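Residues -22 to -1, 1 to 392 (mature numbering (1 follows the signal peptide of the UniProt record, and there is no 0)) are what the sequence shown spells out, left to right. Shown next, in structure tokens, is the structure this report addresses.
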Amino acid sequence: MALDALIRIFTIMSASVFGTRAAVSVSVPGRVLALEGSCLVIPCSFSPAPAAQTMELQLVRSSTPFFMMLRRPVFSSERSDGVHPDFKERTALAGNISAGDCSVSISSIRSNDQNTYQLQMRERGQRSWPAGSKVNISVTGSPEPPELTDPGPVKEGQRLVLNCSARLSCPSDRPRLLWKWERGDPAGSSVHGDTELQQDTGWFPVLQTSLVFTVPRHTNPRVRCELEYPNNRRSSATREILVHFPPRDVWVQVVSAAVRLGGNALLLCSCKADPPVSEYQWWSVESGNTRILSKRTHTVRVYNVSRDTRVQCSAANRLGRASSRPTPLNAQYAPLILSRSSCDWDGTLLSCSCFVDSNPRPAVTWSVNGSHLPDGFNTSSSSYVNHTLTATLRGISDVPLRVECHAVSALGNH
């Protein structure tokens, strides 16, 4: 009975001293990154918002339990004289407590400010501080790189917007965001933004800039977004834009070292394409007749090659199709002396022309009356056009001579 009465008395006293108001819940990020020499605003909010009561706030640097009673706040909303000397004139209330904002700022960040801190709140008149909410402050000598969006694969000619953003732990020490082209620099690109801070879903305001450009042909652009603070402190993020395009520069490559007339040839359809080619098609043209080949692979072998065989291929991916030009196979054959070869003699000057159809180019020799050329006779090979070699012989003779030309190549002679 006496014990029950004692419990009731303690309950009444507790209610009168501490009140029945719900405990304040303080929210802070678990970790913040501060730039050495800059400032830091530790975001803080709490609920429920105070009514008529006045709230007290302090920021305490964590320490071992043995020194728990000796630690001093680095910020106090009530007693500036009790603040640790290392933080005097460097900490201040950045938020509006009446609006539920308990943010605290630290200026002139030092490397030894790196530690774990507790933000504690209580109603004025309370004798003890609650445990508070912990925040770990990390200090870096260089800015954290900005975030650069990844658009993934894009198409040639597409209008593209890249966003670059940086979270600011100290909005008053505002950096600049700069775009720099490392490769590409499309004409007509323009920059938008970075004049206003935006609040994202996180704790910190965000500085953002956008780069707008048309994706160029024949290159994967590479762009860098640079975050620049005073005193030449900077960091950057780079993005290479992967450009997808339909097949282009399609051409037929003759893989076989030499193609003989009437023989076969191994061919390869080459091109540039991204994504890769998904389908090939081949056709050949001989004497004006087109024949579609059955194979749909990037290599094909054709047979019974003639002098005028021309081959084409086409390549396709999901973005389009392109074709090569008609490609001659350059079939090789033995020399053939053409019937229009002849000699003229005017009684003094002997002039002969020898026309040889051959692939590869032949060597031409002459004989006069079945023997070597007489002294004073000159020979030349003036041209080799469309596999026809023109050779000439000139000399002085007062009698008619029997002249022969001979052609030879690796494939035979005539």
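The C-beta atom is built at its ideal place from N, Cα and C for all residues, glycine as well. Only a predicted model underlies this, so the values are computations on that prediction, with no experimental measurement involved.
With residue 379 as the anchor, note down where its beta strand (DSSP E) starts and where it stops.
The residue labelled residue 379 in the question sits at position 401 within the sequence shown. For residue 379, no beta strand (DSSP E) run applies, since DSSP gives it neither H nor E.
Which residues mark the beginning and the end of the beta strand (DSSP E) in which residue 341 is found?
Your numbering for residue 341 matches position 363 in the sequence shown. It spans 341 to 346 - the beta strand (DSSP E) in which residue 341 sits, taken as one unbroken run.
Chain-order list of residues whose beta-carbon lies under 7 Å from that of residue 44 (same chain, five-residue window excluded)
In the sequence shown, the residue the question calls residue 44 occupies position 66. Annotation note: pLDDT 48 at residue 44 (below 50); position unreliable, no value reported.
Span of the beta strand (DSSP E), counted from its first residue to its last, around residue 362:
As a working note, residue 362 is residue 384 in the sequence shown. Its beta strand (DSSP E) spans residues 356 to 363.
Consult DSSP for residue 315 and reduce its assignment to one of helix, strand or coil.
Taking the sequence shown and counting its residues from 1, the one referred to as residue 315 is at position 337. Assignment of residue 315 by DSSP, reduced to helix, strand and coil, places it in the strand class.
Do residue 242 and residue 281 have their C-beta atoms closer together than 7 Å?
Within the sequence shown, numbered from 1, the residue matching residue 242 stands at position 264. Within the sequence shown, numbered from 1, the residue matching residue 281 stands at position 303. Yes, Cβ-Cβ distance for residue 242 and residue 281 is below 7 Å.
Can you list, in chain order, the residues of its chain whose CB lies under 8 Å from that of residue 376, leaving out five sequence neighbours each side?
One-based indexing of the sequence shown puts residue 376 at position 398. The answer, listed in chain order, is 325 and 326.
Relative to the C-alpha of residue 388, which candidate in 132, 338 and 39 has its C-alpha closest?
Here residue 388 refers to the residue found at position 410 when the sequence shown is read from its first residue. Of the candidates 132, 338 and 39, the one whose C-alpha sits nearest the C-alpha of residue 388 is 338.
Could you check the C-alpha separation between residue 19 and residue 295 for me, to the nearest Å?
As a first step, residue 19 must be located in the sequence shown, where it is residue number 41. As a first step, residue 295 must be located in the sequence shown, where it is residue number 317. So the alpha carbons of these two residues sit roughly 53 Å apart.
Measure how close the beta-carbons of residue 217 and residue 128 come, nearest whole angstrom, since I'm counting them as under 8 Å.
Start at 1 with the first residue of the sequence shown, and residue 217 comes out as number 239. Start at 1 with the first residue of the sequence shown, and residue 128 comes out as number 150. Between residue 128 and residue 217 the Cβ distance is about 6 Å, and since that is below 8 Å, they are a contact.
Coarse secondary structure for residue 128, derived from DSSP in three states:
Locating residue 128 in the sequence shown gives position 150, counting from the first residue. In this structure, residue 128 counts as coil in the three-state DSSP scheme.
For residue 336, which of 98, 361 and 87 has the nearest alpha-carbon?
As a first step, residue 336 is located in the sequence shown; it is residue number 358 there, counting from the start. For the residues 98, 361 and 87, the minimum Cα distance to residue 336 belongs to 361.
Among 107, 299 and 332, nearest to residue 367 - alpha-carbon criterion
For this step, residue 367 is matched to residue 389 along the sequence shown. Ranking the options by Cα distance to residue 367, first place goes to 332.
Could you check if residue 385 is buried or exposed, using at least 16 other CB atoms within 10 Å of its CB as the buried criterion?
As a working note, residue 385 is residue 407 in the sequence shown. By the neighbour-count rule (16 or more Cβ atoms within 10 Å), residue 385 is buried.
Please state the DSSP three-state secondary structure of residue 65.
Position 87 of the sequence shown holds residue 65. DSSP places residue 65 in helix when its eight states are reduced to three.
Answer with buried or exposed for residue 203, where buried requires no fewer than 16 other C-beta atoms within 10 angstroms of its C-beta.
Position 225 of the sequence shown, counted from the first residue, corresponds to residue 203. The residue in question, residue 203, is buried, as its Cβ has 16 or more Cβ neighbours within 10 Å.
Assuming contact is defined by CB atoms lying nearer than 7 Å, are residue 71 and residue 85 in contact in what I supplied?
Residue mapping note: residue 71 aligns to position 93 of the sequence shown, counting from 1. Residue mapping note: residue 85 aligns to position 107 of the sequence shown, counting from 1. Not a contact, by the Cβ cut-off of 7 Å.
Using only CA atoms, which one of 301, 182, 167 and 35 lies nearest to residue 188?
Translated into positions along the sequence shown, residue 188 becomes position 210. Closest option to residue 188, Cα to Cα, is 167.
So, for residue 94: in the same chain, excluding its five sequence neighbours on each side, which residues have a beta-carbon less than 7 Å away from its beta-carbon?
Against the sequence shown, residue 94 aligns to sequence position 116. The beta carbon of residue 94 lies closer than 7 Å to those of 40, 112 and 114 in the same chain, with the five residues before and after it left out.
Reduced DSSP secondary structure (H/G/I, E/B, other) of residue 373:
Against the sequence shown, residue 373 aligns to sequence position 395. Secondary structure at residue 373: strand, using DSSP grouped into helix, strand and coil.
Three-state secondary structure (DSSP) at residue 398?
No statement about residue 398 is possible, as the shown extent of the chain runs from -22 to 392 and does not include it.
Can you list, in chain order, the residues of its chain whose CB lies under 8 Å from that of residue 121, leaving out five sequence neighbours each side?
Translated into positions along the sequence shown, residue 121 becomes position 143. Around residue 121: 13, 144, 153, 205, 207, 211, 212 and 213.
What would DSSP say about residue 90, mapped onto helix, strand or coil?
The residue you call residue 90 lines up with position 112 of the sequence shown. Looking at residue 90 - three-state DSSP - the assignment turns out to be helix.
Does DSSP put residue 256 in a helix, in a strand, or in coil?
What you label residue 256 is simply residue 278 of the sequence shown in a count that begins at 1. Collapsing the DSSP output to three states places residue 256 in coil.
Quick test of your reading: residue 97 and residue 37, contact by CB under 8 Å. State the CB separation rounded to the nearest angstrom.
For the purposes of this step, residue 97 is taken as the residue at position 119 of the sequence shown. For the purposes of this step, residue 37 is taken as the residue at position 59 of the sequence shown. So it is a contact: roughly 6 Å between Cβ atoms.
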